[in-house]
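Read through the structure below, which is laid out as structure tokens, and then see the notes.
Residue numbers (the working numbering): 1 to 181.
Here you go:
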């Protein structure tokens, strides 16, 4: 079993990750996407990884094989989607629409969509594993499953009040789960 320090580290990283998801979402409801909100969102997946590991370690014994598979899919999906989010929010944000359209074609589009699908599947599976074990609070576990999956799948759509709301609810779920550690 990891030391209590690791769970605190995962919790702090998770709180920061949740805030970096939710706060920009709240701001973007009023301002639309900005360079600042895009930058902050690009950082959030890196901080989510220690949280995911800590959440899994807390429930590993009770989660069984299905929980381990859910964790594995979520971890791989987070890596893929985190890289995609970082690239889209940090490197490609400032490009004009024509250039962006050229860049996001062919295999690049397939890779980005594939990363979103793997991440969405992983968050749904892992969220359901958390609900099933009952070792994490139920409401944020459901929020993790539903809102983070929706966040990934709504990514290609234009920003709207709905996408902002999903960001806020996903961020709140991540913060709540972090605090429960």
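Ideal placement from N, C-alpha and C gives every residue a C-beta, glycine not left out.
Which word fits residue i, buried or exposed, when buried means at least 16 other C-beta atoms lie within 10 angstroms of its C-beta?
i	result
residue 5	exposed
residue 109	exposed
residue 8	exposed
residue 61	exposed
residue 173	buried
residue 164	buried
residue 30	exposed
residue 161	exposed
residue 66	exposed
residue 50	buried
Residue i by DSSP, collapsed to three states: which one?
i	result
residue 32	coil
residue 93	coil
residue 1	coil
residue 45	helix
residue 50	helix
residue 24	helix
residue 134	coil
residue 157	coil
List the endpoints of the continuous alpha helix (DSSP H) containing residue i.
i	result
residue 165	161–180
residue 139	138–143
residue 151	149–154
residue 105	It is not in any alpha helix (DSSP H) - residue 105 carries neither H nor E in the DSSP assignment.
Under 8 Å by Cβ, that's how I've got residue i and residue j pegged, so tell me the actual separation to the nearest angstrom.
i	j	result
residue 150	residue 119	Incorrect: roughly 11 Å between the Cβ atoms, too far for contact.
residue 175	residue 15	5 Å
residue 54	residue 84	Incorrect: roughly 23 Å between the Cβ atoms, too far for contact.
residue 95	residue 75	Actually they are not in contact, since the Cβ atoms of residue 95 and residue 75 sit about 30 Å apart, beyond 8 Å.
residue 17	residue 44	5 Å
residue 155	residue 116	6 Å
residue 136	residue 180	6 Å
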